[in-house]
Amino acid sequence: MKLIVKEFLSQLRESGELDRLLPDLLSRMKIVPISRPQIGVRQNGVDVAAVGRDKDGVKALFLFVLKVGDLGRRDWDGGLNAVRATLNQVKDSYLHSFVRPEHRSLPVRIVVCSTGELKQDVTQDYNGYVVDNQTERVSYEFWSGDDLAALIEKHLLDEYAIDPSERADLRRGIALIGSRDYDLRHVYKLLDALLLGSHDGSVRTTTAHRKKFIRKLRTAALVLEIIFRWANEEGNLLNAFKLGERCCLWAWEFIRVRELFKYRPAMASFWDIYQIHDRICRTYYDKVGPYFMARDGISVYAGENALVTCKVFEQIGVLAEIGLVQLQNSSGGGGEVAAANADAIAKVLVSLVKNNPSSGSPRYDENAIDLSMAFMLLFGTGNSEAAKAWLDELANRVSYCLRTSKCFPVSTDSFDDLVALEIGELTEEEVGKLKDLSTLVPTLMYWSVVFEHDALYRKLQNIQGSAFDGICLQLWYADEATESFVYRESAQYESGTTEAPIVFPADVDELIEGEKKKLDSKAIVGLDTFSAVRYGMFVMVMMACRHYRTPFPPQFWMSFIVARLGVPASDQNDTTS
1 MKLIVKEFLS
11 QLRESGELDR
21 LLPDLLSRMK
31 IVPISRPQIG
41 VRQNGVDVAA
51 VGRDKDGVKA
61 LFLFVLKVGD
71 LGRRDWDGGL
81 NAVRATLNQV
91 KDSYLHSFVR
101 PEHRSLPVRI
111 VVCSTGELKQ
121 DVTQDYNGYV
131 VDNQTERVSY
141 EFWSGDDLAA
151 LIEKHLLDEY
161 AIDPSERADL
171 RRGIALIGSR
181 DYDLRHVYKL
191 LDALLLGSHD
201 GSVRTTTAHR
211 KKFIRKLRTA
221 ALVLEIIFRW
231 ANEEGNLLNA
241 FKLGERCCLW
251 AWEFIRVREL
261 FKYRPAMASF
271 WDIYQIHDRI
281 CRTYYDKVGP
291 YFMARDGISV
301 YAGENALVTC
311 KVFEQIGVLA
321 EIGLVQLQNS
331 SGGGGEVAAA
341 NADAIAKVLV
351 SLVKNNPSSG
361 SPRYDENAID
371 LSMAFMLLFG
381 TGNSEAAKAW
391 LDELANRVSY
401 CLRTSKCFPV
411 STDSFDDLVA
421 LEIGELTEEE
431 VGKLKDLSTL
441 VPTLMYWSVV
451 FEHDALYRKL
461 QNIQGSAFDG
471 ICLQLWYADE
481 ATESFVYRES
491 AQYESGTTEA
501 PIVFPADVDE
511 LIEGEKKKLD
521 SKAIVGLDTF
531 SAVRYGMFVM
541 VMMACRHYRT
551 PFPPQFWMSF
561 IVARLGVPAS
571 DQNDTTS
């Protein structure tokens with residue numbers, strides 16, 4: 001385990017990564033951080049300051065100077081940011097002017113903390129500096145990558161956080177993370193033990209229990225960070241993306257069942273996990289984005305077959321989520337940058353659709369989930385014309401395929417059914433069973449109304465008795481019970497209500513009036529039934545839909561449709577502002 005942690009440390013950057021990990025480690029060592037790095041703030045050489053007991057049990061002031069990688073001669077004395085210059089700044093400036101009055105009588109431990117080693121050619125220089133500058137009150141220490149790895153293993157991954165069998169699961173997960181076929185079962189098992197399996201059904205508020213909860217959340221964050229680094233090294237960021245989703249969702253569930261939404265340390269720990277997933281999203285986007293901009297960048301001229309089409313729609317869902325995460329972030333600090341990112345990702349999504357013709361031929365009815373997420377992103381970023389063009393293509397292809405019973409979106413999630421349909425080895429009765437229901441068609445019709453593409457709505461409404469004859473058009477709506485399932489598993493089997501069969505009226509205004517009546521009657525619960533929406537994290541519900549393949553709740557688009565009347569939707573939240 002120590003070797004795994006050391007390899008993980010070697011990949012960290014100083015800013016935003018090592019300086020975020022160290023305070024958590026110090027807290028577990030009962031050394032209390034009193035200052036952390038801040039961008040744009042003069043630090044006078046000290047990255048992290050903390051107070052606690054040293055290895056001799058003496059209460060001391062710890063001043064950490066953080067560096068990444070091995071430290072050679074240039075790192076030691078090669079400019080303003082070199083270690084020697086930084087140590088001089090700590091000695092000459094920080095100790096004289098920035099130590100708090102209550103800490104001035106404490107002995108000082110200045111610690112050079114590195115993810116690597118002190119190279120041999122600089123060891124004598126460092127030792128000489130220490131001899132010349134240490135005093136009765138001030139001493140110097142060097143924490144190497146080996147030292148950090150040992151401390152992390154002892155304090156962050158100890159037996160109280162992860163038992164030996166769970167450590168074995170982490171090692172197996174790391175060993176297999178590069179495999180395209182790996183289903184992440186070992187890491188999921190570990191996260192389950194940390195975030196779900198530890199709940200006994202009661203809501204406890206004692207300080208001891210809360211500290212234990214925070215330790216579990218921070219351990220989950222460290223596990224996610226380690227797997228992310230390893231997956232990036234192995235070239236399989238999609239697995240890291242899936243694990244990031246699962247960790248975010250289970251962390252939210254962890255907080256929800258314990259009613260810790262108003263407990264700041266718990267929400268801060270969740271935010272750490274969410275930010276790791278955000279970094280995974282950005283890393284994934286940076287890696288695959290150029291392929292989406294190229295013609296047939298996903299299919300690579302393989303033609304429109306079931307396997308390629310499934311991969312295209314998977315990427316549509318992933319890219320939509322990455323954009324929605326940025327749209328979510330735009331409501332907080334740094335909103336303008338996040339909003340610009342969301343708009344850029346939406347434009348890449350439009351290019352993906354244009355460059356991969358199979359984006360118009362979904363093969364699973366559940367691809368309605370990926371499409372709804374994509375349309376949410378396009379709607380939230382004002383890309384209405386691109387959405388309308390895509391809706392036209394989808395409507396033409398889906399209606400043709402359903403009418404001819406060839407290459408249509410099957411109502412199951414079985415790839416075997418998809419292959420059997422494609423190679424034509426099914427009987428007419430078996431084909432009929434695979435298209436006996438559709439959530440995809442109603443999804444397209446409702447989104448056409450959202451984007452005010454009324455001509456397309458009327459076109460689909462006119463053929464609902466012919467091309468869609470014998471197909472039960474239906475939609476699944478979340479209900480009060482959905483909140484208890486949505487963040488931990490697929491929610492449609494244990495909760496929700498289904499509207500079926502849906503018969504669409506010829507008049508668009510009649511449909512809009514019908515949606516308003518649904519909202520006003522309270523027969524359909526509002527989005528505020530989800531804790532994630534109530535606490536300003538709407539993207540968590542969409543993330544859960546993509547990850548667990550829970551149907552996309554129409555509650556997300558109902559308010560957009562009713563808004564066409566100029567009447568605000570009742571009890572609905574604007575998720576795009």
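Residues in the sequence shown are numbered from 1 upward in steps of one, following full-length UniProt numbering. Backbone N, C-alpha and C fix where the C-beta goes; we use that ideal spot for every residue, glycine too. Bear in mind that the values here come from a model prediction, so they are computed numbers and not experimental data.
Restricting to Cα atoms, I'd like to know which of the options is closest to residue i.
i	options	result
D416	E430, T404 and R403	E430
K433	E141, K59, S414 and K30	S414
A60	K91, L106 and N81	L106
C310	A240, C407 and E385	C407
S331	E136, G69, F538 and Q43	F538
F98	G128, D158 and L63	L63
F560	A221, G380 and L473	G380
F451	G235, M558 and E136	M558
Y285	C248, R53, L237 and I276	L237
S299	P357, E393 and S351	P357
residue 615	R137, A220 and E141	The shown model of the chain, from 1 to 577, leaves out residue 615, and the question about it has no answer.
D296	I369, S359 and G335	S359
V398	E422, P362 and K388	P362
T115	D436, S144 and Y94	S144
F8	I226, G526, E515 and G424	I226
Return the bridge partner residues of residue i from the DSSP annotation.
i	result
V503	Paired residues: none, contrary to the question.
G60	Note on residue identity: the sequence assigns Ala, not Gly, to residue 60. Note: A60 sits in a beta bridge opposite G52.
W476	T498
Y140	I110
Y364	V410
S438	L473
S35	A49
K67	S114
Please return the same chain residues whose Cβ sits closer than 6 Å to the Cβ of residue i, not counting the five positions on each side in sequence.
i	result
M540	W252 and A532
V353	S359 and W390
S384	F451
W230	I174 and I177
L66	E14, L18, D19, D47 and C113
R403	A467
A491	T482, F485 and T550
T498	Q474 and W476
K516	V562
Rounded to the nearest angstrom, how far is the Cβ of residue i from that of residue j, given a contact under 8 Å?
i	j	result
P553	Y477	6 Å
V68	L18	6 Å
L170	L190	6 Å
A395	L426	Wrong, their Cβ atoms sit about 25 Å apart, outside the cutoff.
Starting from the C-beta of residue i, find all residues in its chain whose C-beta is less than 7 Å away, skip the five residues before and the five after it, and write them out in chain order.
i	result
G323	A342, I345, A346, L349 and L377
R104	none
K2	A149, A150 and E153
D365	P409, V410, S411, S438, T439 and L440
V325	D278, C281 and V539
E304	P357, S358 and S361
Y457	M445, S448, V449 and V508
Which value, in whole angstroms, describes the spacing of the CA atoms of residue i and residue j?
i	j	result
Y446	R264	39 Å
L22	K262	25 Å
Q572	Q38	Its pLDDT being 45, under 50, Q572 is placed unreliably in this model, and the value from its coordinates should be taken loosely. So the two alpha carbons sit approximately 38 Å from each other.
N462	F504	9 Å
I273	N239	16 Å
residue 638	V419	Any question about residue 638 goes unanswered here, given that the chain covers just 1 to 577.
A481	L260	20 Å
S521	M267	35 Å
L224	L460	45 Å
N88	V312	56 Å
R564	Y535	27 Å
S484	Y548	14 Å
A374	E314	11 Å
L371	I316	8 Å
D454	V308	31 Å
G16	I524	43 Å
I369	A544	11 Å
E53	Q43	It is Arg, not Glu, that sits at residue 53 in the sequence shown. Each residue's alpha carbon lies about 23 Å from the other.
L519	T529	13 Å
E136	K91	14 Å
I34	A49	6 Å
Between residue i and chain D, is there a C-beta pair that is closer than 8 Å?
i	result
G235	The structure shown contains no chain D, having only a single protein chain.
For residue i, which residues of its own chain have a beta-carbon under 8 Å away from its beta-carbon, when the five flanking residues on both sides are left out?
i	result
R13	V68
K119	D70, L71, G72 and R73
V318	L238, F241, Y284 and R546
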